[in-house]
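Q: Have a look at this one.
Number of protein chains: 2
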Amino acid sequence: MQKYLVEDEWKIIEDRFDRENHQRSESLFSLGNGHMGMRANFEETYSGPTLRGTYLAGIYYPDKTRVGWWKNGYPEYFAKVLNAPNWIGMKFSLNDDDLDLNRMKVTRFRRILNMKEGILYREFTASWPDGKAIKVETERFLSINQREIGAIRYTLFPLNFSGTLDAELYIDGDVVNQDSNYDEKFWEPVDRTENADYSYLSSRTKKSGFNICIAMFSDCSIPSSQTVAVPEKKSCIDYVAHRYVFDVRAGDQISFTKISAVVTSRDYPAEFLPGEAFKLLANAINSGYEDLKNQQISAWAKKWEYCDIIIGGDVPAQQGIRFNVFQLNQTYSGHDPLLNIGPKGFTGEKYGGSTYWDTEAFCLPFFLSTANKEVARNLLIYRYRHLEKAIGNATKLGYKDGAALYPMVTINGEECHNEWEITFEEIHRNGAIAYAIYNYVRHTGDESYLAKYGLEVLIGISRFWSQRFTFSEPKQLFVILGVTGPNEYENNVNNNWYTNYLAVWTMGYTLESIYYVKEKYPERWNIIESKSKFRLSEEPGMWNRIMDHVYLPSDEKLGIFLQQEGYLDKEQLLVTDLKPGERPINQHWSWDRILRSCFIKQADVLQGMYLFGDHFSLDIIRRNFDFYEPRTVHESSLSPCIHSVLASKLGYIDTAYSMYLRTSRLDLDDYNLEVHEGCHITSMAGTWMAIVEGFGGMRVIGSHLHFFPLLPRQWKSLSFTIHFRDHVLLVSISTTSIIINDQTQSELLIFINGTGYQSLPGISLEVQL
Amino acid sequence: MQKYLVEDEWKIIEDRFDRENHQRSESLFSLGNGHMGMRANFEETYSGPTLRGTYLAGIYYPDKTRVGWWKNGYPEYFAKVLNAPNWIGMKFSLNDDDLDLNRMKVTRFRRILNMKEGILYREFTASWPDGKAIKVETERFLSINQREIGAIRYTLFPLNFSGTLDAELYIDGDVVNQDSNYDEKFWEPVDRTENADYSYLSSRTKKSGFNICIAMFSDCSIPSSQTVAVPEKKSCIDYVAHRYVFDVRAGDQISFTKISAVVTSRDYPAEFLPGEAFKLLANAINSGYEDLKNQQISAWAKKWEYCDIIIGGDVPAQQGIRFNVFQLNQTYSGHDPLLNIGPKGFTGEKYGGSTYWDTEAFCLPFFLSTANKEVARNLLIYRYRHLEKAIGNATKLGYKDGAALYPMVTINGEECHNEWEITFEEIHRNGAIAYAIYNYVRHTGDESYLAKYGLEVLIGISRFWSQRFTFSEPKQLFVILGVTGPNEYENNVNNNWYTNYLAVWTMGYTLESIYYVKEKYPERWNIIESKSKFRLSEEPGMWNRIMDHVYLPSDEKLGIFLQQEGYLDKEQLLVTDLKPGERPINQHWSWDRILRSCFIKQADVLQGMYLFGDHFSLDIIRRNFDFYEPRTVHESSLSPCIHSVLASKLGYIDTAYSMYLRTSRLDLDDYNLEVHEGCHITSMAGTWMAIVEGFGGMRVIGSHLHFFPLLPRQWKSLSFTIHFRDHVLLVSISTTSIIINDQTQSELLIFINGTGYQSLPGISLEVQL
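These protein sequences, in sequence, are chains B and A.
Here the working numbering is used: the first residue of the first sequence is 1260, the next is one more, and so on.
Here the working numbering is used: the first residue of the second sequence is 1260, the next is one more, and so on.
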């Protein structure tokens, strides 16, 4: 844990320069706009430890697999989102001394991420060994309404000297990925051009052949001077720059503006890229920096209207949740169904920027509730578009007849991961994709989605499950052998309860959906039936047989479901039995010891209790929670949130709150000392869950919205906005009441603690608690 | 499968030159003498595909681990036996045309490995495009009585031309390992010197710091000429050579002799290496090539006396077994307890030349029966010397109080392997090391070994087992969770019968040995007790509790032991259900599918039936064999032999014979198309088992030697020699009788098919069958 930031409701603030924290801050202060993003690298040269990272959504490279011992079925490549050409770069030298905070004495330093505005600010005063001192103020943002535009204002104030300023504002295409498997370079230069005002750098990724073009405009103004500084344009093979050299005096204010347009062949034909970049850049410059900045501030204000969460009486919690909501919105905007959410977003390289089950299991609820349904729908369509590849993946692993296994890790639908116990066995991910369809339909009421997209995916997944079950002679039941459940601290186990339950649930929901689509959209059904070669007379029968004879391990005496068949054979210890020096166990124990132990990385049976909360009585949920939570070490960032939601449900409010704290400020306070690698973007959605679904008790049961509010003692109030079907509800909870304002023009039946209330347009619904 | 060799009882013969087979032959015709070895590379330049390999026993390099996903507990390095400087090299050019079979027309070619003599012969006739033709005859051997000496005679016969011969006989230190993880070079040059007759090259391995020095003498004789060719000595940084340039005529016979001494800092202080090489080389040259060659032939003749197996009426089988026996003797001579047996011996780089459980489980019986007991004893002492490291290894993995886990793969006692399911979980290897001690003591009668060495190892291993067992509440029995048995087609299973059985057996044998040593060698026991801090009042009690309450999974209805607890939950298929195109399944099925299937890679329960044959009735062995063998795909080279022995025992003679064939000519006929990587040295001992323990039915029960002979229909007779305790027995079996000649001067009670006979010195014991 490393607490070094100033608490503030709307800003992330670092108020002194500590080289030790720099890479942390590079992650935490990251900017993104769904199209592109970057770590909070300094614009100017920094010779100290830094992870330079600029990322373009969906621009990836298939990095050759690195593996110790090859297993049949492994993919040849890991498709990774790339570190892209660095277009924020600026070099300054004053009388031949480089501006480089690593080599200067920094007397004042503030870095501020203003989340309300979506702008990164920095100001510092620093001096060189010869006593020259300079003040600098910077602003940077990635426009969220003109996603291809980014802008920087960089202002220098020579404090006590006169001399020559040599400034070079550049784009550098010679970048590497820190996590490259074989130290390959992933980019090759294509071209560079310039015209009167702009410079362009065009690059292409090797193998995957994505083209990009970055155009750059620069400007320098010195209010005290009448001269207009005109840059010299420089370029070499993968580098373009504008160089300014002029004399400055103490008291001057020299302000550089750099605006870039970043376009990719994902959006335009490669040959048009420079032209498109030109148009976008010209348009942006026509607006001007200040106007772009104001647009950014209003766009973010509008976004916050729908996704802000206000916590009364707890500034750290308030800052934490805003940070999480802000980063989620920076990472994914929902404008492009070919994009998805990497575990680190645009804040680092780890996990290759790829899509995991995190999207469906953790991120989807956030986007369902905080944005128009198209955003969540695009997350679903992403998987729909990968259905053929998921079928191909299953076929490669020996399945047949259109069974689909979605990859554990992917960018383009192909499996990237190469640990057999995960790649081949952590198959519950397939169920999460089915559940997400159910969740989307239930939340939005958009049942047409099933007919258009959802059902084909469900059929593929159910077919996979039906083939993955085998019949056990000794048990006379269907079993699923050899899986890894959500708790990755058990591998290759038999009959993971969560996986088995999810599998039969999927088959049931698929059958329901088949009959629904068949009846409501018969023409569409005919197409699906023929496309998927569905054997209506045969497949449902098999699925029903499995559903009726599935093995779901449980222990009668304890009254719990068993995480897996052999769980109780393990030595039963509690987390409180562990010595502090042994935790986290994943850093102190050998892998086999972890696997043999009863300790759980993240919710497993309890993940099922969360997803299928209305299938089980509170008593059953309580018994499972009371058994499993004390055995859970929460060594996944995705763990505390689920436990927090369940603890709220069970009225364990202190547990819920302490779990909430672990997730909400996980990155800000760097609990696991790893934030320098990037932020835990997907788990941030879990923080949102812990508040809205936990403390707010929001649930959709059947087709109705429910709230079971219960605030932590530390909070005075809580309010949030919820999109539900066609309604947008502002929900305000205090210790004594819940007030719901429906901003739409229709009625809605809302349940508070189980009692139904009719919410009327324009009239606040207030219920005392 | 690739059958291209000529059948012969004593020789391996390749009688035409086929570039496709060259790398196969490089493996098959390998030479070794326990101290060093090499693939059958050509001495002269060969520009076609080749794997140049010269290996020095025990000279390794810690190659940095390559792994996709790091798991806690993995080793940082894989210690690999290195490709060493090439000292056989020769370059010839005739009128500026290189002698290079890849670029010439080869009209005649024979490569012969004379196993009786331990000499590799080659002869060929080849011509250049201009019509110049040359005949060449070569001989090469690695002396088995002067292990540091190797010798080559290379004779050229210009057939139809005159001109200039430019010959360079060299040592080249610039070598690489094909299986280097990061393409590093493992050697650095140290020095090169020369004196009147010899040249020396000294090299050192990086990191591990082994020094070696190779000294070379060369000579050229042309019987038809009076002139003595004197070489020019050349050298550069890691290369020394003797160059001969002179005119030759058609009909000349130009004979080069090259003798080298190869010494290492494993045997002498580094600074003395050139001096030691000089002494050895001078001594060898003093004897002369012909004498060295004759010594080699007699030394091999002597070796064969004790290890030859003669099969009547089956030349391919005869060639197969002699090849196996020959290669085993080339690989390990037992002269140095710091050395062991790599799965590829000196024939290739795969598996890093390291020691696996193959040594104890497969190779030890061969050396017990075919050599003086010191040879097998040195194999055991190898592990004794690694006890501290095995304790360290277990400590690293969380065990305590002197528990020892021997590595899965090692050279110097440290674990090298990095697959969690093997490294951490294939722990039955620990039991094999305990069993080997038992096997040695039982076979040799050398019970003092227990006191001197064995008991400490047994205590460490039993402590490991006792900690690895956990008590299962539901079963009320001790269980071993999360292991990989000998069948590596199941990973991370619970209660592998073989492992559990071996574990409790080890504890029982350890207790017996403790009481034996305590009584017979009380002073030694005091030392062991204090060194190992053995708690006599406590540990045996715990071990007994485990032994009395161990879970050994079985199925009453089938009357079999279960390979692991959940084995019968799997879909029960037979190998005959597999389509031919699916086999071998490890090349056609994804890894998870293999793991979930009931198919077995190699003997698992049956490995236990083999080791503990006298614990189970024939009926039980039969039921387990009948159940498991039809589910076994034998995709390990270590599989068929065990099945062959058991099939013989059960009277399934045809099965026994077909299993024997799969192991005996595995490499010669390249069953798995992989012999170019090297031969399966350790499984060769399994071939010996199949004959001696299978068809010969040799077993040691209690302290007595038994034979249960049963010949395959295809064989007329079988004879072999057995060392047993202080006896050396020549056993000859025909279809009707067994004749045993004891070559020693004392009586021995021998059992034939269960009936005891007294064998008297000098008198043949003949029993009708």
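Glycine included, every Cβ here is placed at the ideal spot set by N, Cα and C.
In this text, all values refer to a predicted model and were calculated from it rather than measured experimentally.
1) Which parts of the segment 1721 to 1749 of chain A are runs of the beta strand (DSSP E), unbroken and 3 residues or longer, counting only runs that do not cross its ends?
2) Based on Cα-Cα distance, which residue from 1438/B, 1369/B, 1373/B and 1859/B lies nearest to residue 1384/B?
3) So residue 1334/B and residue 1675/B are supposed to be a Cβ contact under 8 Å. How far apart are they, rounded?
4) Checking contacts by CB at 8 Å: is residue 1828/A closer than that to chain B?
5) Quick one, which of 1813/A, 1433/A and 1710/A has its alpha-carbon nearest residue 1781/A's?
6) How big is the Cα-Cα spacing for residue 1891/A and residue 1864/A?
7) Starting from residue 1324/A, trace the beta strand (DSSP E) in both directions and tell me its first and last residue.
8) Does the CB of residue 1617/A have a neighbour CB from chain B at under 8 Å?
9) Tell me, to the nearest whole angstrom, how far the beta carbon of residue 1268/A is from that of residue 1577/A; I am working on the premise that it is less than 8 Å.
10) Got a sec? Which residues, its chain only, sit under 6 Å from residue 1558/A by beta carbon, not counting five neighbours each side?
11) Using only the alpha-carbon positions, how far apart do residue 1237/A and residue 1757/A sit?
12) At what residues does the alpha helix (DSSP H) containing residue 1890/B begin and finish?
13) Give me the Cα-Cα distance between residue 2051/A and residue 1520/A, rounded to the nearest whole angstrom.
14) For the structure I just gave you, are there three or more beta carbon pairs, one from the segment 1337 to 1354 of chain A and one from the segment 1849 to 1861 of chain B, closer than 8 Å?
15) How about the segment 1695 to 1708 of chain B and the segment 1615 to 1634 of chain B: do they share at least three Cβ pairs that are nearer than 8 Å?
16) Contact check, residue 1926/A vs residue 1287/A under 8 Å by CB: the rounded distance?
17) Across which residues does DSSP place residue 1968/B in a beta bridge pair?
18) Residues of chain A with CB closer than 7 Å to the CB of residue 1821/B, please, in chain order.
19) DSSP three-state call for residue 1446/A: helix, strand or coil?
20) Going by other Cβ atoms of all chains shown within 10 Å of its Cβ, with 16 needed for buried, is residue 1784/A buried or exposed?
21) What residue range is occupied by the uninterrupted alpha helix (DSSP H) comprising residue 1702/B?
22) For chain A, find out if any of its Cβ atoms is closer than 8 Å to the Cβ of residue 1741/B; answer yes or no.
23) Per DSSP, residue 1477/B is paired with what?
24) Which residues share a DSSP beta bridge with residue 1882/A?
25) Please report the Cβ distance between residue 1429/B and residue 1499/B, rounded to the nearest whole angstrom; I am assuming they are in contact, meaning their Cβ atoms lie under 8 Å.
26) What would DSSP say about residue 1921/B, mapped onto helix, strand or coil?
27) Tell me the DSSP secondary structure of residue 2026/A in three-state form.
28) Could you tell me whether the Cβ of residue 1892/A comes closer than 8 Å to any Cβ of chain B?
29) I'd like to know whether the C-beta atoms of residue 1417/A and residue 1358/A end up nearer to each other than 8 Å.
30) What residues match up with residue 1982/A in a beta bridge as DSSP calls it?
31) Mind checking who residue 2017/B pairs with in its DSSP beta bridge?
32) May I ask you to verify whether the segment 1633 to 1643 of chain B touches the segment 1958 to 1976 of chain B, counting CB pairs closer than 8 Å and requiring at least 3?
33) When DSSP builds the beta bridges, which residues end up paired with residue 1334/A?
34) Does the count of Cβ pairs from the segment 1381 to 1397 of chain A and the segment 1358 to 1367 of chain A closer than 8 Å reach three?
35) DSSP puts residue 1598/A in a beta bridge; with which residues?
36) Which parts of the segment 1795 to 1873 of chain B are runs of the alpha helix (DSSP H), unbroken and 4 residues or longer, counting only runs that do not cross its ends?
A: The structure says:
1) 1729 to 1731 and 1736 to 1738
2) On the first sequence, position 125 is the one that residue 1384/B refers to. Selected option, being the one with the closest Cα: 1369/B.
3) Here residue 1334/B refers to the residue found at position 75 when the first sequence is read from its first residue. Here residue 1675/B refers to the residue found at position 416 when the first sequence is read from its first residue. The pair is a contact, with the Cβ atoms about 6 Å apart (cut-off 8 Å).
4) For the purposes of this step, residue 1828/A is identified with residue 569 of the second sequence, where counting begins at 1. Closer than 8 Å: yes.
5) Within the second sequence, the letter at position 522 stands for residue 1781/A. The shortest Cα separation from residue 1781/A among 1813/A, 1433/A and 1710/A belongs to 1710/A.
6) As a working mapping, residue 1891/A is identified with position 632 in the second sequence. As a working mapping, residue 1864/A is identified with position 605 in the second sequence. Near 11 Å, if we compare the C-alpha coordinates of residue 1864/A and residue 1891/A.
7) The residue labelled residue 1324/A in the question sits at position 65 within the second sequence. From DSSP, residue 1324/A is part of no beta strand (DSSP E); its letter is neither H nor E.
8) Counting from 1 along the second sequence, the entry for residue 1617/A is found at position 358. So, not an interface residue.
9) Position 9 of the second sequence holds residue 1268/A. Position 318 of the second sequence holds residue 1577/A. Rounded, the Cβ-Cβ distance is 5 Å, consistent with contact.
10) Residue mapping note: residue 1558/A aligns to position 299 of the second sequence, counting from 1. Correct list, in chain order: 1403 and 1404.
11) Chain A is shown from 1260 up to 2028; residue 1237/A falls before or after that span and cannot be answered.
12) As a working mapping, residue 1890/B is identified with position 631 in the first sequence. No alpha helix (DSSP H) holds residue 1890/B; DSSP gives it neither H nor E.
13) Only positions 1260 to 2028 of chain A appear in this structure, which leaves residue 2051/A out of reach.
14) no
15) yes
16) For the purposes of this step, residue 1926/A is taken as the residue at position 667 of the second sequence. For the purposes of this step, residue 1287/A is taken as the residue at position 28 of the second sequence. Indeed they touch by this definition, with Cβ atoms about 6 Å apart.
17) Stepping through the first sequence from its first residue, residue 1968/B is reached at position 709. DSSP, once it has assigned bridges, lists no residue as partnering residue 1968/B.
18) Numbered from 1 along the first sequence, position 562 holds the residue referred to as residue 1821/B. What residue 1821/B touches in chain A: nothing, since even the nearest Cβ is about 10 Å away.
19) Residue 1446/A sits at position 187 when you count from the first residue of the second sequence. Residue state, collapsed to three classes: strand.
20) Residue 1784/A sits at position 525 when you count from the first residue of the second sequence. Buried is the call here.
21) Along the first sequence, one-based indexing puts residue 1702/B at 443. Per DSSP, residue 1702/B belongs to the alpha helix (DSSP H) from 1687 to 1703.
22) As a working note, residue 1741/B is residue 482 in the first sequence. With 8 Å as the cut-off, residue 1741/B counts as an interface residue toward chain A.
23) Here residue 1477/B refers to the residue found at position 218 of the first sequence. Answer by DSSP bridge pairing, in chain order: 1517/B.
24) Counting from 1 along the second sequence, the entry for residue 1882/A is found at position 623. According to DSSP, which records beta bridges pairwise, residue 1882/A is partnered with nothing at all.
25) Here residue 1429/B is taken as the residue at index 170 of the first sequence, counted from 1. Here residue 1499/B is taken as the residue at index 240 of the first sequence, counted from 1. Going by Cβ atoms, the distance from residue 1429/B to residue 1499/B rounds to 7 Å, so yes, they are a contact pair.
26) The residue labelled residue 1921/B in the question sits at position 662 within the first sequence. Residue 1921/B falls in the helix class under three-state DSSP.
27) To locate residue 2026/A, count along the second sequence from 1; it is residue 767. Strand.
28) On the second sequence, residue 1892/A is found 633 positions in, with the first residue counted as 1. Taking Cβ atoms only, chain B never reaches closer than 8 Å to residue 1892/A, which makes this a no.
29) Sequence index remark: in the second sequence, residue 1417/A carries index 158 (1-based). Sequence index remark: in the second sequence, residue 1358/A carries index 99 (1-based). In this structure, residue 1358/A does not lie closer than 8 Å to residue 1417/A by Cβ.
30) As a first step, residue 1982/A is located in the second sequence; it is residue number 723 there, counting from the start. According to DSSP, which records beta bridges pairwise, residue 1982/A is partnered with 1987/A.
31) Sequence index remark: in the first sequence, residue 2017/B carries index 758 (1-based). DSSP, once it has assigned bridges, lists 2008/B as partnering residue 2017/B.
32) no
33) For this step, residue 1334/A is matched to residue 75 along the second sequence. Answer by DSSP bridge pairing: none, since residue 1334/A is not bridged.
34) yes
35) On the second sequence, residue 1598/A is found 339 positions in, with the first residue counted as 1. DSSP lists no partner for residue 1598/A.
36) 1798 to 1807, 1844 to 1847, 1850 to 1855 and 1864 to 1870
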